[in-house]
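Participant:
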Amino acid sequence: MRDNFPRLGERVMRRLDQLAVDTDEPGKITRLFLSPSHKLAMARVRGFMEAAGLAVEEDDIGNVVGRVESAVPDAPVFILGSHIDSVRDAGRYDGGFGVLSAIEVVEELRRRGEALPFSIEVLAFGDEEGVRFPATLSGSRALAGTFDFESLGAKDENGVSLAEALRDFGCDIDGIGEIARDPRRICGYLESHIEQGPVLEAENLALGVVTAIAGMCRFNVTVEGEAGHAGTVPMQRRKDPLAGSAAMILAVEDVARRTPQVVATVGVIESSPGAINVIPAKVRFSVDLRAPTDQVREQAKSKVEGRLREIAKERELTISFTPLDEAKATPCDPGLMRELSDALARQGHRVFTLPSGAGHDAMAMARLCPVAMLFIRCKGGVSHNPAEAITVEDAQAAIEVMLDFLLHFRPLEHQKLENSRALPESHGSRP
Ligand SMILES: [Zn+2]
1 MRDNFPRLGE
11 RVMRRLDQLA
21 VDTDEPGKIT
31 RLFLSPSHKL
41 AMARVRGFME
51 AAGLAVEEDD
61 IGNVVGRVES
71 AVPDAPVFIL
81 GSHIDSVRDA
91 GRYDGGFGVL
101 SAIEVVEELR
111 RRGEALPFSI
121 EVLAFGDEEG
131 VRFPATLSGS
141 RALAGTFDFE
151 SLGAKDENGV
161 SLAEALRDFG
171 CDIDGIGEIA
181 RDPRRICGYL
191 ESHIEQGPVL
201 EAENLALGVV
211 TAIAGMCRFN
221 VTVEGEAGHA
231 GTVPMQRRKD
241 PLAGSAAMIL
251 AVEDVARRTP
261 QVVATVGVIE
271 SSPGAINVIP
281 AKVRFSVDLR
291 APTDQVREQA
301 KSKVEGRLRE
311 IAKERELTIS
321 FTPLDEAKAT
331 PCDPGLMREL
341 SDALARQGHR
351 VFTLPSGAGH
361 DAMAMARLCP
371 VAMLFIRCKG
381 GVSHNPAEAI
391 TVEDAQAAIE
401 VMLDFLLHFR
411 PLEHQKLENS
421 RALPESHGSR
431 P
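Sequential numbering from 1 applies to the sequence shown in the working numbering.
Here's what the structure looks like:
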């Protein structure tokens, strides 16, 4: 294998550069779901898949599906993949790496004449970022049989509904239900993805095994006090909800800092009436809190609420919480994680595990089959940004580990786990 170094990595990097040409905005990478550039990217990915010997179909939700059959009759299917849509002004590796590295793996298996006891499908999902419509993971949800048909009425900023956009794209809405796979036929899903964070780089590691995709809760906090004149109300008599909110925001940060693996962010704050010479009457701010397990997230959330209520009480302010969104954590499959870790060790890597703070198609796929994710180091942890970067050596290493994983994977050993698997709930978390 080392004699090939880094042939596969070089080809995947070249193909990622080619894919980056398909954009809705010249000079940037912007590839929204069901846009003209999504169509172009699908055709390009189809070409790569066909060159790798995959039989290719495009389904009715805009996924590209490449398939290579096992010689074993009635063999189950292992799915590899990620997404080819992007945020606005994106980098070229988020999503694309997972799709194109999977194609690379299949092409190399074929070149070596390897016969596996399972068929392989490579999926290029089209709607992971959820930028165009107020819906997300449409492609992977359709596969998992959890597509939300009500989301067909969701509209983009031009008033075009998801249903209309699908029809204009050439998709048949009546065909979406048929995309769902039979869970008894699918033995696993592996997604390789850039880390989108700085942890692997800090550990000086190319690759890591994802333990879980963090769950998340979002809520608004409304704090009310007493408006008054900025010049006449003495400091001791004030009930200032904005000064109170400042203390509360620091408390949110403090709880997250003291709780391992919890991250919490206040991203929006509104003060009213919002005048320079008026003590505010009311403040509203948002909280986004994430953790790799539901228990840790719920504990952190109640700790935050408790601290905020205390601050409100001390300052004689009223406080209320409005839930906005909640998504349970998606644990990766322990069996697949172990096998992926074994593949890393066999390939000479230190085995390192980490949670994913961002959402991925694997969240939806976990409703269908056991899932695993392989993270690849990205420069500075930067993503959703043109500065996103990975190295050819790391790309090669990821492909080698995926190859090793598939060559050792035996689907029968996983089937007995199939019915005992807990199905994570999903409530439309945004990546
Ligand atoms: Zn992604």
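Just so you know, even glycine gets a beta-carbon here, dropped at the ideal spot from N, CA and C. Quick caveat, the model's predicted, so the values are computed rather than measured.
With distances taken from each beta carbon to the nearest heavy atom of ligand 1, which residues come in below 5 Å, in chain order?
Facilitator: Taken from the N-terminal end onward, the list reads D94, G95.
Participant: Whole angstroms is fine: what's the gap from K303's alpha carbon to E326's?
Facilitator: Counted from its first residue, the sequence shown places residue 303 at position 303. Counted from its first residue, the sequence shown places residue 326 at position 326. Those two C-alpha atoms are separated by around 17 Å.
Participant: Name the one or two DSSP bridge partners that K155 has.
Facilitator: As a working note, residue 155 is residue 155 in the sequence shown. Paired residue(s): S161.
Participant: Three-state secondary structure (DSSP) at L40?
Facilitator: For the purposes of this step, residue 40 is taken as the residue at position 40 of the sequence shown. L40: helix per DSSP, three-state reduction.
Participant: State the start and end residues of the unbroken alpha helix (DSSP H) segment that holds A395.
Facilitator: The residue labelled residue 395 in the question sits at position 395 within the sequence shown. Residues 392–408.
Participant: Using the rule of at least 16 other Cβ atoms within 10 Å of the residue's Cβ for burial, across every protein chain shown, is Q236 buried or exposed?
Facilitator: Start at 1 with the first residue of the sequence shown, and residue 236 comes out as number 236. Exposed is the call here.
Participant: Using DSSP's beta-bridge definition, name the partner residues of I279.
Facilitator: Start at 1 with the first residue of the sequence shown, and residue 279 comes out as number 279. Partner(s): G228.
Participant: Looking at the unbroken beta strand (DSSP E) that takes in F78, where does it start and where does it end?
Facilitator: Within the sequence shown, numbered from 1, the residue matching residue 78 stands at position 78. That run of the beta strand (DSSP E) goes 77–83.
Participant: Tell me, please, whether the segment 332–342 touches the segment 193–204 by the rule of three or more beta-carbon pairs shorter than 8 Å.
Facilitator: With the cut-off at 8 Å, the segment 332–342 and the segment 193–204 do not touch.
Participant: Assuming contact is defined by CB atoms lying nearer than 8 Å, are I311 and G244 in contact in what I supplied?
Facilitator: For the purposes of this step, residue 311 is taken as residue 311 along the sequence shown, with counting starting at 1. For the purposes of this step, residue 244 is taken as residue 244 along the sequence shown, with counting starting at 1. A contact, by the Cβ cut-off of 8 Å.
Participant: Kindly list the residues whose CB is nearer than 7 Å to the CB of E104, restricted to its own chain and excluding five residues on each side of it in sequence; keep chain order.
Facilitator: Within the sequence shown, residue 104 is the residue found at index 104, counting from 1. Contacts found: L8, R11, V12, I399.
Participant: Identify which residue in G91, D74, A51 has its Cα closest to the Cα of K28.
Facilitator: Residue 28 sits at position 28 when you count from the first residue of the sequence shown. Measuring from the Cα of K28, the nearest candidate turns out to be G91.
Participant: Looking at C-beta atoms only, is the number of pairs between the segment 155–164 and the segment 113–121 that lie closer than 8 Å three or more?
Facilitator: With the cut-off at 8 Å, the segment 155–164 and the segment 113–121 do not touch.
Participant: Under 8 Å, do A212 and T322 count as touching if we go by C-beta distance?
Facilitator: On the sequence shown, position 212 is the one that residue 212 refers to. On the sequence shown, position 322 is the one that residue 322 refers to. Taking 8 Å as the Cβ cut-off, A212 and T322 do not qualify as a contacting pair.
Participant: Excluding the 5 residues flanking I249 on each side, which residues of the same chain have their C-beta closer than 8 Å to its C-beta?
Facilitator: Stepping through the sequence shown from its first residue, residue 249 is reached at position 249. Excluding sequence neighbours, I249 sits near V266, I269, F285.
Participant: Which complete alpha helix (DSSP H) runs does the segment 273–353 hold, if anything under 4 residues is left out?
Facilitator: Within the segment 273–353, the complete alpha helix (DSSP H) runs of at least 4 residues are 294–314, 334–346.
Participant: How is the beta strand (DSSP E) around G66 delimited, first residue to last?
Facilitator: What you label residue 66 is simply residue 66 of the sequence shown in a count that begins at 1. It spans 64–68 - the beta strand (DSSP E) in which G66 sits, taken as one unbroken run.
Participant: Would you decide whether R112 is buried or exposed? Buried here means 16 or more other CB atoms lie within 10 Å of its CB.
Facilitator: Position 112 of the sequence shown holds residue 112. When all chains shown are included, R112 counts as exposed.
Participant: Please say whether V209 and L308 have beta carbons closer to each other than 8 Å?
Facilitator: As a first step, residue 308 must be located in the sequence shown, where it is residue number 308. As a first step, residue 209 must be located in the sequence shown, where it is residue number 209. Going by C-beta atoms, L308 is not nearer than 8 Å to V209.
Participant: Please state the DSSP three-state secondary structure of G113.
Facilitator: To locate residue 113, count along the sequence shown from 1; it is residue 113. G113 falls in the coil class under three-state DSSP.
Participant: Buried or exposed: F78, going by 16 or more other Cβ atoms within 10 Å of its Cβ?
Facilitator: Taking the first residue of the sequence shown as 1, we reach residue 78 at position 78. Looking at its Cβ environment, which holds 16 or more other Cβ atoms inside 10 Å, F78 is buried.
Participant: Grouping DSSP H, G and I as helix and E and B as strand, with all else coil, what is V105?
Facilitator: Indexing the sequence shown from 1 puts residue 105 at position 105. The answer is helix: DSSP assigns V105 an H, G or I state.
Participant: Under 8 Å by Cβ, that's how I've got F125 and D361 pegged, so tell me the actual separation to the nearest angstrom.
Facilitator: Walking along the sequence shown from the start, residue 125 turns up at place 125. Walking along the sequence shown from the start, residue 361 turns up at place 361. Rounded, the Cβ-Cβ distance is 5 Å, consistent with contact.
Participant: Residues in its own chain within less than 6 Å of A264 by CB, not counting five upstream and five downstream?
Facilitator: Here residue 264 is taken as the residue at index 264 of the sequence shown, counted from 1. Closer than 6 Å at Cβ, skipping near neighbours: V252, A256, L289.
Participant: Candidates R346, A300, V87, E69: which alpha carbon is nearest V131's?
Facilitator: Counting from 1 along the sequence shown, the entry for residue 131 is found at position 131. Among R346, A300, V87, E69, the Cα nearest to that of V131 belongs to V87.
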